[in-house]
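Here the structure is laid out as structure tokens; the discussion comes afterwards.
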Amino acid sequence: MRAALLMWIPALAVAQEGGPVEGVLPLTLKHAVEIALTPEGSPRVSLALETIKQAEMRKNEARAAFLPDVEASVNDRRQTTNLRAFGFNFAIPIPGLSIPTIVGPFSVFDARATASQTVFDFSTYKRFQASKVNIETARTDYDTTRNQISDQVARAYALTLRADAALDAAKANVDLSQALLKSAQDQKDAGTGTGIEVVRAQVQLANDKQRLVVAENDRRRAALNLLRVMGLKLEAMVELTDKLAYHPVEIGTIEAALADARKIRPELKSQQERESSAKLSYDATKWERLPSVGASADYGSIGSELVGSMPTYTYGLSVRVPVFDGGRRDARRIESLSQYRQERTRTRDVEQQVELDVRLAFDSVRSAATEVQTAQEGAQLAEQEVAQARRRYEAGVTNSIEVTDAQTRLDRARDNQINALYDYNVARIDLATATGKIREYVNQ
1031 MRAALLMWIP ALAVAQEGGP VEGVLPLTLK HAVEIALTPE GSPRVSLALE
1081 TIKQAEMRKN EARAAFLPDV EASVNDRRQT TNLRAFGFNF AIPIPGLSIP
1131 TIVGPFSVFD ARATASQTVF DFSTYKRFQA SKVNIETART DYDTTRNQIS
1181 DQVARAYALT LRADAALDAA KANVDLSQAL LKSAQDQKDA GTGTGIEVVR
1231 AQVQLANDKQ RLVVAENDRR RAALNLLRVM GLKLEAMVEL TDKLAYHPVE
1281 IGTIEAALAD ARKIRPELKS QQERESSAKL SYDATKWERL PSVGASADYG
1331 SIGSELVGSM PTYTYGLSVR VPVFDGGRRD ARRIESLSQY RQERTRTRDV
1381 EQQVELDVRL AFDSVRSAAT EVQTAQEGAQ LAEQEVAQAR RRYEAGVTNS
1431 IEVTDAQTRL DRARDNQINA LYDYNVARID LATATGKIRE YVNQ
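Residues in the sequence shown are numbered from 1031 upward in steps of one, following my numbering.
Laid out in structure tokens, this is it:
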């Protein structure tokens, strides 16, 4: 599937190569989201992936404190030494003997391997645990980014569907106005109509043509916005295969939706992981007062030259006991505790925001569904009114004012229906995002 998408993306943006786009390619919501979620799509995906890599490397840095640190060195030097600088500034009470001021020159060759190992450092271990939690946080943030991009693409796709529907409605209004103008002209030519009715029909046609121009511009703007959130070149031309429609769904209970959100929402998971990381960082700072134990050893060969050098070694343990550092550790401990409290507060805030998102989206879906049904009934009645007014006008029972009024109400009813359908689809997107199921919504 990924290979197919990678072949599809260049076709969408032929203009990227410098030439014009030759055709319009069909685009479903699922494909739009899949394109946006590829590294070649939205740059936010690549940024989130790089954040994961950085977190993994920081974990490796923290883990390095528990692995041996091995070094090798070779030192070959020739030197002289001033013994007076080391305190040898006295006379020997033996005739003929004296301590020279300068010793040398002499050669020293030393080839040696050195190793050190942390044996016990509880504070460093806590920091390593925090670094592992930070990786999970970065991965959860990546899921959050993918959900946010899916939400943005779905909204932009719905907005483009709305623009398509508005454009179709504007074209239908122009067609109706042209038909009514022809009818008014025919009646005038037959002597049963008046000039004012023709002018009235021409005014209505001009108004509808103006609204058609506005609808065409809105469609172009919506398409450009969709391409932008998908991460494609703005020269690409796409045609949406879906239509703005009403698909009734069973949304379940608010309790089930809240349970899903608390379990699935990556934003909440990410914040909970940040709280855990802050707690581990606080523990690491708190346990800096504990002694730490380290081991070190070296082995090598030393002499005046390579030939004739002798092997030597050292090994041992060291214990570091913090005594007083001017209050630096206490300051870090209080600071990390404050950061931990901040993260706990943020977690509670995110939990409340998640619940609010679900409740608002839940109510919006139910309200929008009722709105759609009402708008559909209004559109059907408006169409019937226009049809009856046209028959009455063509039969000479009434004048064109009744037709124009009916046509105006039909325009308003169509706009209401389009807005209701758009609101319903956006409400479903809101609910899917609020419960953490936006990817499931996209893949339907």
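Note that the Cβ used here is the ideal one computed from N, Cα and C, for glycine as well.
Nearest in C-alpha terms to TYR1343, of all of ARG1093, ASP1140, ALA1220, is ASP1140. Annotation for GLU1305: GLU1373, ARG1374, THR1377 place their beta carbon closer than 7 Å to its own, counting only its chain and skipping 5 residues before and after.
With a 10 Å radius around the Cβ and a threshold of 16 neighbouring Cβ atoms, ASP1435 comes out exposed. For PHE1150, the enclosing beta strand (DSSP E) covers residues 1132-1150.
Contact between the region 1383-1391 and the region 1184-1191 is not established, with fewer than three Cβ pairs separated by less than 8 Å.
Assigned with DSSP and collapsed to three states, GLN1109 falls in strand.
Under DSSP, ILE1364 takes part in no beta bridge, so it has no partner. For SER1322, DSSP records a beta bridge to ARG1350. Under the Cβ criterion (8 Å, minimum of three pairs), the region 1238-1252 counts as touching the region 1199-1219. In the structure shown, GLY1408 adopts helical secondary structure according to DSSP, grouped into three states. Note on the region 1253-1341: whole alpha helix (DSSP H) runs with a minimum of 4 residues are 1284-1294, 1296-1316, in chain order.
In this structure, DSSP gives VAL1104 an extended state, which the three-state scheme calls strand. Here the C-alpha atom of ARG1319 lies approximately 29 Å from the C-alpha atom of GLU1101. Contact check for LEU1440 against GLU1413 passes: the beta carbons are separated by less than 8 Å. Three or more Cβ pairs closer than 8 Å define a contact, and the region 1104-1111 meets that threshold against the region 1136-1155.
Per the coordinates, the alpha-carbon of THR1283 lies some 41 Å from the alpha-carbon of VAL1416. Per DSSP, the beta-bridge partners of PRO1056 are GLU1269.
Linking HIS1277 to ARG1157 through their CA atoms gives a straight-line distance of about 51 Å. Judged by pairs of C-beta atoms under 8 Å, the region 1360-1370 touches the region 1309-1317, as three or more such pairs exist. Judged by DSSP secondary structure, ASN1449 falls within the alpha helix (DSSP H) whose first and last residues are 1430-1464.
Just so you know, the alpha carbons of GLN1301 and ALA1289 end up roughly 17 Å apart. Per DSSP, LEU1067 lies in no alpha helix (DSSP H) and is assigned neither H nor E. According to the DSSP assignment, VAL1075 belongs to the alpha helix (DSSP H) that extends over 1073-1093. GLU1080 is classed as exposed because its beta carbon has fewer than 16 other beta carbons within 10 Å across all chains shown. In this structure, SER1207 is the residue among PHE1150, LYS1239, ARG1241, SER1207 with its C-alpha nearest to the C-alpha of GLU1227.
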